[in-house]
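Following: one structure in structure tokens, then a few remarks.
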Amino acid sequence: MRRLTFLLRPSWVILAVLVVAFAYLCFTVLAPWQLGKNNSTSHRNQLIADSVRADPVDVTTVLNSPSDTHTEWRKVTASGSYMPDSTVLVRLRHLDGAPGYSVLGTFRLDDGRLLLIDRGLVAAVDGSRPPQIAEPPAGPQRLEARVRMSEGVTPGKDPSVQDGYRQVYSIDTNQEAGFLQQPLTPIPTGERPGYLQLDDKQPGAFTPTPLPQLDAGPYLSYGLQWLAFGIMAPLGLGYFVYAEIRERRKEKVSSPTTPAASATTPTPAPAAPTTEARLADRYGRGRD
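Take a look at the structure:
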């Protein structure tokens, strides 16, 4: 065990702590983070693919099933009429790579419940101002849309009235209900209350918000890489420990012993190699 006492030196202790901490983070934080994103993205893609193939259901079926937590992206139909003076614009959106706005409105179902509707995207005027927004058609309408989960509220980004329109920074059913002072009915989606996103060529629709690309992304490979790093780090530390022990054995074997004292002419023992010489011999000398 005496040969391992060098591991108690501060430099080796610090290195060991760093390697253990890095491996711990790889296995408990970094790899699960990426693998979790891969699972959620794959699940979202499957829901979108299923909704494309599935026939739409009446939105009241979803509203009457509050325990169903897998409703996002489901294609639904809604019968009723648009509420007048319910337009809200969502800032910081993009249409064909240029600044734009999402146009929100409210829709009263035949049973009296109010739903938040994303009517689609419009381009900004001069890249900074909203255009003139046409009111949705009056009278009874039948819409086809997809259930979407609210985006949540952006801290410090409060609703406001600018350029003659109510404006917000995110699509959130609860926020828009307070802003419009209307009792909007949240669509159950599990984590956050939902709303409806209109499909193309629907009454009152603008350019539809595009669906996400059905690509799982690089999250799986990133997660596997972090697992590999978590395994390689302790192995690398073990290799350096082994290399240090091996070099110390070589030095011990090659170090000369002090000869017995001669009665006539004592022979001086050769000087022990300096630390600089040992390091140069172990790791190679630089060339001039």
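In this note's numbering, the protein residues as written are 89 to 376.
We put the beta carbon where it would ideally sit given N, CA and C, even for glycine.
Computed from a predicted structure; not experimentally measured.
Taking the CA atoms as reference points, E332 sits about 13 Å from L96.
Under the DSSP assignment, T149 falls in the alpha helix (DSSP H) whose first and last residues are 147–151.
The alpha carbon of G215 has as its nearest neighbour, out of D206, D288, H182, the alpha carbon of H182. Taken through DSSP and simplified to helix, strand or coil, E223 comes out as coil. Between D206 and L192 a beta carbon distance of about 6 Å is seen, short of the 8 Å cut, so the two are scored as contacting.
Distance from A119 to G240 at the Cβ level is roughly 26 Å; contact not present, criterion being Cβ atoms closer than 8 Å.
Per DSSP, reduced to three states, the secondary structure at M237 is strand. Note that the C-beta distance between Q285 and L177 is not below 9 Å.
Here the C-alpha atom of A104 lies approximately 11 Å from the C-alpha atom of A111.
Around the beta carbon of I259, a 10 Å sphere encloses 16 or more other beta carbons of the protein chains shown; the residue is thus reported as buried. For R337, the enclosing alpha helix (DSSP H) begins and ends at 307–342. A buried status is given to M237, since no fewer than 16 other beta-carbon atoms sit within 10 Å of its beta-carbon. Between L151 and M171, the C-beta gap is not smaller than 9 Å, which leaves the two residues out of contact.
Excluding its 5 nearest sequence neighbours in each direction, A304 has C-beta neighbours in its own chain below 8 Å: N126, T129, S130, N133, listed in chain order.
When the five nearest sequence neighbours on each side are left out, the beta carbons in the same chain lying within less than 8 Å of the beta carbon of P154 are those of P276, in order along the chain.
Restricted to the region 243–312, the alpha helix (DSSP H) segments that are unbroken, complete and at least 4 residues in length are 261–268, listed in chain order. Note: D206 is bridge-paired with L192, Q285 in the DSSP secondary-structure output. Secondary structure note for A166: its beta strand (DSSP E) is the uninterrupted segment 163–170. Of the other Cβ atoms in all chains shown, fewer than 16 fall within 10 Å of the Cβ of G200; this residue is therefore exposed. Per DSSP, the unbroken beta strand (DSSP E) holding V176 starts and ends at 176–183. When DSSP reads this structure, Q229 sits in a beta bridge with G168. Taking the C-beta atoms as reference points, T165 is found nearer than 9 Å to A233. Setting aside the 5 residues that flank it on each side, S248 is surrounded in the same chain by Q255, each with a C-beta closer than 7 Å to its C-beta; the list follows chain order. Per DSSP, the beta bridge partners of L197 are G168. A residue is called buried when at least 16 other Cβ atoms come within 10 angstroms of its Cβ; Q269 does not meet this threshold and is exposed.
In terms of Cα proximity to T295, the closest of L209, P281, F195 is L209.
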